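FYI, in UniProt numbering the residues of the sequence shown are 1 to 430.
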Amino acid sequence: MLPVTNGFALGVDFGTSNTAAVLRWPDGIVKPLLFDGSELLPSAVCFTGTPPLLAGRDAINAARVHPEGFEPNPKRCIDDGVVQLAGAERPVVDLISAVLTRVATEARRVAGAAPESTTLTCPSGWGSQRRDVLASAASAAGLGRPSLIAEPVAAASYFVEIAGGRMPVGSSLVVYDFGAGTFDASVVQRTPDGFRVLAERGLDNVGGLDVDAAIVAHLGASYARRNQQLWQRLTLPSTSADRRAARQLWDDVRAAKEQLSRTAAVTVHIPLFDEAATLGREQLEQLATPVIDRTVRATRAAIRDAGVESATIAGLFLVGGSSRIPLAATLLHRTLGIAPTVIDRPELVVAEGSLYTALEAAPAPEAAPAPLTQPASLTQPASPPPRRPQHPKPRLRKPPRQQRQPRCRRVHRYPEGRGIGGEPWRSSRR
Ligand SMILES: Nc1ncnc2c1ncn2[C@@H]1O[C@H](COP(=O)(O)OP(=O)(O)OP(=O)(O)O)[C@@H](O)[C@H]1O
Ligand SMILES: [Mg+2]
Numbered sequence: 001m002l003p004v005t006n007g008f009a010l011g012v013d014f015g016t017s018n019t020a021a022v023l024r025w026p027d028g029i030v031k032p033l034l035f036d037g038s039e040l041l042p043s044a045v046c047f048t049g050t051p052p053l054l055a056g057r058d059a060i061n062a063a064r065v066h067p068e069g070f071e072p073n074p075k076r077c078i079d080d081g082v083v084q085l086a087g088a089e090r091p092v093v094d095l096i097s098a099v100l101t102r103v104a105t106e107a108r109r110v111a112g113a114a115p116e117s118t119t120l121t122c123p124s125g126w127g128s129q130r131r132d133v134l135a136s137a138a139s140a141a142g143l144g145r146p147s148l149i150a151e152p153v154a155a156a157s158y159f160v161e162i163a164g165g166r167m168p169v170g171s172s173l174v175v176y177d178f179g180a181g182t183f184d185a186s187v188v189q190r191t192p193d194g195f196r197v198l199a200e201r202g203l204d205n206v207g208g209l210d211v212d213a214a215i216v217a218h219l220g221a222s223y224a225r226r227n228q229q230l231w232q233r234l235t236l237p238s239t240s241a242d243r244r245a246a247r248q249l250w251d252d253v254r255a256a257k258e259q260l261s262r263t264a265a266v267t268v269h270i271p272l273f274d275e276a277a278t279l280g281r282e283q284l285e286q287l288a289t290p291v292i293d294r295t296v297r298a299t300r301a302a303i304r305d306a307g308v309e310s311a312t313i314a315g316l317f318l319v320g321g322s323s324r325i326p327l328a329a330t331l332l333h334r335t336l337g338i339a340p341t342v343i344d345r346p347e348l349v350v351a352e353g354s355l356y357t358a359l360e361a362a363p364a365p366e367a368a369p370a371p372l373t374q375p376a377s378l379t380q381p382a383s384p385p386p387r388r389p390q391h392p393k394p395r396l397r398k399p400p401r402q403q404r405q406p407r408c409r410r411v412h413r414y415p416e417g418r419g420i421g422g423e424p425w426r427s428s429r430r
């Protein structure tokens, strides 16, 4: 059962590239917060030399003038204590807090007051030190003391509460979370009290950024041969102008990769060379295969670690923006024999699902473990959620013809939109 509140509840997913935040209104309506018109706030920050630390698109814009003050992925610095921005050391807590401050400000603007409760998600493998950094940043941002929720638990809550997935007690959900900077495969079991993470395999340095890096390396193979010095200026930029050009290249590569999930071929502008390179879907798949293979192997290992019978697996839920790459669903289906569940806005699953983790305290919808002969049907929830009239009923949608293999369950909730990220290039650990 959903928690009974008289106020607003905020769910926040602070990601490597993007931060997503969802607000539940007192009447139960759930809406994503919009940042400059987008459901995704780039997690980037930029220090221009004078406070405040900019976050989101403001940071990305400022980075054109102040590339040395730019950090595109503060989540990747979670262990670092401090980072160098524009020649000065800044606590990582401040960087994360700058991003969360944008969320807190927007939530207050929409709600008219601070939300009554806040849930903030983090990878389930994070220890107390990382969780403390995140919680301190949230407090500094004015989000009070949020409840920290493990990302796969939030995803499982979404699967049951929003996507209408059927999960009897004892059954398990495989959560495949392929984001920008990290990959996590988790097996989450339904218990009488909620959910329990049975097994998790995390790959800290596997994400969409690695697919971007593979594309850049592929381009480099021909462009460096033609002009090594020019290409080096793009890969190891030392001046502000070259950093700008390098960021442009990584931005365009990421946009091209995202477009290739929908189209067969794209062109990428190569700065400094001032040329356009053509990239096809097949090329992208070849380049992405080693990265995606690792995620599939990790998923298989997580299922093995969990020791669950395949008959009790309720579904394979794809979340995170990089799960949009059609090859991910294809390889998963081929390797695991489970038809993946995919939804239109995989970046919002964790933030929204975190609002429903109060389910953990609710009575189980079914008392006895019920082996499932096949992944649960999304059209038959185990029990109708108590307050769901504000959500359109999930419905299945056939993927476009060229994407029909594998057959995925696709739940349509939000209008189609393009993922928006802000990472110009992988930040080196400091
Ligand atoms: N259509 C698409 N095709 C391929 N990749 C996509 C697509 N849309 C978004 N992405 C990728 O998804 C990633 C962003 O996803 P998401 O917002 O879920 O990550 P994150 O939460 O910031 O990262 P993490 O979960 O690793 O901390 C980026 O690498 C982006 O390029
Ligand atoms: Mg994420």
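Where is the CB? At the ideal position from N, CA and C, for every residue including glycine. Remember, predicted model here, so these are calculated numbers, not experimental data.
Report task. Pull up the distance between the alpha-carbon of Pro67 and that of Arg243, whole angstroms please. Result -> Here residue 67 refers to the residue found at position 67 of the sequence shown. Here residue 243 refers to the residue found at position 243 of the sequence shown. Cα to Cα, Pro67 sits roughly 6 Å from Arg243.
Query raised in the report: Going by C-alpha distance, which of Ala59, Asp204, Tyr176 and Arg190 is nearest Trp126?
Result: Mapped onto the sequence shown, residue 126 falls at position 126. Distance from the Cα of Trp126 is smallest, within the candidate group Ala59, Asp204, Tyr176 and Arg190, for Asp204.
**Report entry** Among Glu151, Gly207 and Trp25, the one whose alpha carbon lies nearest that of Leu120
**Finding:** Reading the sequence shown from its first residue, position 120 is the one you call residue 120. Of Glu151, Gly207 and Trp25, the smallest CA-CA separation from Leu120 is found for Glu151.
Query raised in the report: How about Thr119: is its Cβ closer than 7 Å to a heavy atom in ligand 1?
Result: On the sequence shown, position 119 is the one that residue 119 refers to. Not under cutoff, so the answer is no.
Requested in this report: Please report the Cβ distance between Glu347 and Leu34, rounded to the nearest whole angstrom; I am assuming they are in contact, meaning their Cβ atoms lie under 8 Å.
Outcome: The residue you call residue 347 lines up with position 347 of the sequence shown. The residue you call residue 34 lines up with position 34 of the sequence shown. Between Leu34 and Glu347 the Cβ distance is about 14 Å, and since that is not below 8 Å, they are no contact.
Query - Nearest-residue set for ligand 1, Cβ under 5 Å from any heavy atom - result: Listed by position in the chain, the residues whose beta carbon lies within less than 5 Å of some heavy atom of ligand 1 are Gly15, Thr16, Ser17, Asn18, Gly179, Ala180, Gly181, Thr182, Gly207, Gly208, Arg254, Glu258, Ser261, Gly320, Gly321, Ser322, Arg324, Ile325, Glu347, Gly419 and Gly421.
Query - Start and end residues, beta strand (DSSP E) containing Glu89 - result: Locating residue 89 in the sequence shown gives position 89, where the first residue counts as 1. Here the beta strand (DSSP E) through Glu89 covers Ala88 to Pro91.
Query raised in the report: CB Ala135 to CB Arg145, shorter than 8 Å?
Result: For the purposes of this step, residue 135 is identified with residue 135 of the sequence shown, where counting begins at 1. For the purposes of this step, residue 145 is identified with residue 145 of the sequence shown, where counting begins at 1. Contact: yes.
Requested in this report: Less than 8 Å between the CB atoms is what I'm expecting for Leu53 and Asp94, so what's the real figure, rounded?
Outcome: Locating residue 53 in the sequence shown gives position 53, where the first residue counts as 1. Locating residue 94 in the sequence shown gives position 94, where the first residue counts as 1. 6 Å between Cβ atoms; contact.
Report task. Starting from the C-beta of residue 431, find all residues in its chain whose C-beta is less than 6 Å away, skip the five residues before and the five after it, and write them out in chain order. Result -> Outside the displayed span of the chain (1 to 430) sits residue 431, for which this structure offers no information.
Query raised in the report: Is Asp177 near ligand 2, judged by its Cβ being under 7 Å from some heavy atom?
Result: Counting from one through the sequence shown, the residue named residue 177 turns up at place 177. Yes, the Cβ of Asp177 comes within 7 Å of a heavy atom of ligand 2.
Query raised in the report: In terms of residues, what are the limits of the alpha helix (DSSP H) holding Ile215?
Result: Reading the sequence shown from its first residue, position 215 is the one you call residue 215. According to the DSSP assignment, Ile215 belongs to the alpha helix (DSSP H) that extends over Gly208 to Arg226.
**Report entry** CB contact flag (Arg64, Pro42, <8 Å)
**Finding:** Here residue 64 is taken as the residue at index 64 of the sequence shown, counted from 1. Here residue 42 is taken as the residue at index 42 of the sequence shown, counted from 1. In this structure, Pro42 does not lie closer than 8 Å to Arg64 by Cβ.
Query raised in the report: Sorry if obvious, but does the Cβ on Val350 come closer than 7 Å to a heavy atom of ligand 2?
Result: Within the sequence shown, numbered from 1, the residue matching residue 350 stands at position 350. Yes, since a heavy atom of ligand 2 falls inside the 7 Å radius drawn around the Cβ of Val350.
Query raised in the report: Run through DSSP, which three-state label would Asp184 get?
Result: Within the sequence shown, residue 184 is the residue found at index 184, counting from 1. When DSSP states are grouped into helix, strand and coil, Asp184 belongs to the strand group.
Query raised in the report: Any heavy atom of ligand 2 closer than 7 Å to the Cβ of Asp13?
Result: Indexing the sequence shown from 1 puts residue 13 at position 13. True, at least one ligand heavy atom lies under 7 Å from that Cβ.
**Report entry** Cα-Cα separation between Pro32 and Asp193, rounded to whole angstroms
**Finding:** To locate residue 32, count along the sequence shown from 1; it is residue 32. To locate residue 193, count along the sequence shown from 1; it is residue 193. Distance between the alpha carbons of Pro32 and Asp193: 27 Å.
Query raised in the report: Along the chain, where does the alpha helix (DSSP H) that runs through Phe159 open and close?
Result: Locating residue 159 in the sequence shown gives position 159, where the first residue counts as 1. Here the alpha helix (DSSP H) through Phe159 covers Glu151 to Glu161.
**Report entry** Runs of beta strand (DSSP E) lying entirely within the region 22 to 109, each at least 3 residues, in chain order
**Finding:** Complete beta strand (DSSP E) runs here, min 3: 30 to 32, 40 to 42, 82 to 85 and 88 to 91.
Report task. Could you tell me the distance, in whole angstroms, from the CA atom of Thr278 to the CA atom of Leu249? Result -> Locating residue 278 in the sequence shown gives position 278, where the first residue counts as 1. Locating residue 249 in the sequence shown gives position 249, where the first residue counts as 1. Thr278 and Leu249 have their C-alpha atoms roughly 14 Å apart.
Report task. Quick one: which unbroken alpha helix (DSSP H) runs of 4-plus residues sit fully inside the region 327 to 357? Chain order, please. Result -> For the region 327 to 357, whole alpha helix (DSSP H) runs of length 4 or above, ordered along the chain, are 349 to 354.
Query - Asn73, buried or exposed, once every other Cβ within 10 Å from all chains shown has been counted against 16 - result: Within the sequence shown, the letter at position 73 stands for residue 73. The residue is buried, with at least 16 neighbouring Cβ atoms inside 10 Å.
Requested in this report: Select from Thr101, Leu316 and Ala288 the residue whose C-alpha is nearest the C-alpha of Val188.
Outcome: Taking the first residue of the sequence shown as 1, we reach residue 188 at position 188. The shortest C-alpha to C-alpha distance from Val188 to any of Thr101, Leu316 and Ala288 is the one to Leu316.
Report task. Have a look at Pro424 and Asp210 and give me their C-alpha separation to the nearest angstrom. Result -> Within the sequence shown, numbered from 1, the residue matching residue 424 stands at position 424. Within the sequence shown, numbered from 1, the residue matching residue 210 stands at position 210. Unreliable positioning characterises Pro424 in this predicted model, as indicated by a pLDDT of 31, which lies under 50. The coordinate reading is nonetheless provided below. In this structure, the straight-line span from the alpha carbon of Pro424 to that of Asp210 is close to 12 Å.
Query raised in the report: What residue does the alpha helix (DSSP H) around Ala245 start on, and which one ends it?
Result: Within the sequence shown, the letter at position 245 stands for residue 245. Per DSSP, the unbroken alpha helix (DSSP H) holding Ala245 starts and ends at Ser240 to Gln259.
Query raised in the report: How about the region 230 to 238 and the region 293 to 304: do they share at least three Cβ pairs that are nearer than 8 Å?
Result: Result no; under three Cβ-Cβ pairs closer than 8 Å.
Query raised in the report: What distance in whole Å lies between the Cβ atoms of Ser323 and Tyr176, which are believed to be in contact at a cut-off of 8 Å?
Result: Mapped onto the sequence shown, residue 176 falls at position 176. Mapped onto the sequence shown, residue 323 falls at position 323. Contact check for Tyr176 and Ser323: beta-carbon distance about 6 Å, within the 8 Å limit, so the pair qualifies.
**Report entry** For Val266: DSSP bridge partner residues
**Finding:** By 1-based counting over the sequence shown, the position of residue 266 is 266. Bridge partners of Val266: Leu279.
Query raised in the report: Going straight from the alpha carbon of Gln405 to that of Lys257, what length do you get?
Result: Here residue 405 is taken as the residue at index 405 of the sequence shown, counted from 1. Here residue 257 is taken as the residue at index 257 of the sequence shown, counted from 1. Residue confidence is low: Gln405 scores 35 on pLDDT, short of 50, so the model does not pin down where it sits. Its coordinate-derived value is still stated next. Spanning the two alpha carbons is a distance of roughly 20 Å.
Query raised in the report: So, helix, strand or coil for Asp177, using DSSP?
Result: Numbered from 1 along the sequence shown, position 177 holds the residue referred to as residue 177. In this structure, DSSP gives Asp177 an extended state, which the three-state scheme calls strand.
Query raised in the report: Name the DSSP beta bridge partners of Glu200, please?
Result: As a position in the sequence shown, residue 200 is number 200, starting the count at 1. Within the DSSP bridge table, the entry for Glu200 names Ser186 as partners.
Requested in this report: May I have the straight-line CA-CA distance separating Val160 from Arg166, to the nearest angstrom?
Outcome: Translated into positions along the sequence shown, residue 160 becomes position 160. Translated into positions along the sequence shown, residue 166 becomes position 166. Rounded to whole angstroms, Val160 to Arg166 spans 6 Å at the Cα level.
Query raised in the report: So the beta strand (DSSP E) Ser117 belongs to, where does it begin and stop?
Result: Against the sequence shown, residue 117 aligns to sequence position 117. Segment Ser117 to Cys122, the beta strand (DSSP E) holding Ser117.
**Report entry** Segment contact, 8 Å Cβ cut-off, at least three pairs: the region 288 to 297 with the region 326 to 336
**Finding:** As far as the Cβ criterion goes, the region 288 to 297 touches the region 326 to 336, which means the pair count is three or higher.
Query raised in the report: How would you label Ile29, buried or exposed, when you count the other beta carbons within 10 angstroms and need 16 or more for buried?
Result: As a first step, residue 29 is located in the sequence shown; it is residue number 29 there, counting from the start. Exposed, because fewer than 16 other Cβ atoms sit within 10 Å of the Cβ of Ile29.
Report task. Provide the residue span of the beta strand (DSSP E) that contains Val12, from first to last. Result -> Translated into the one-based positions of the sequence shown, residue 12 becomes position 12. It spans Ala9 to Phe14 - the beta strand (DSSP E) in which Val12 sits, taken as one unbroken run.
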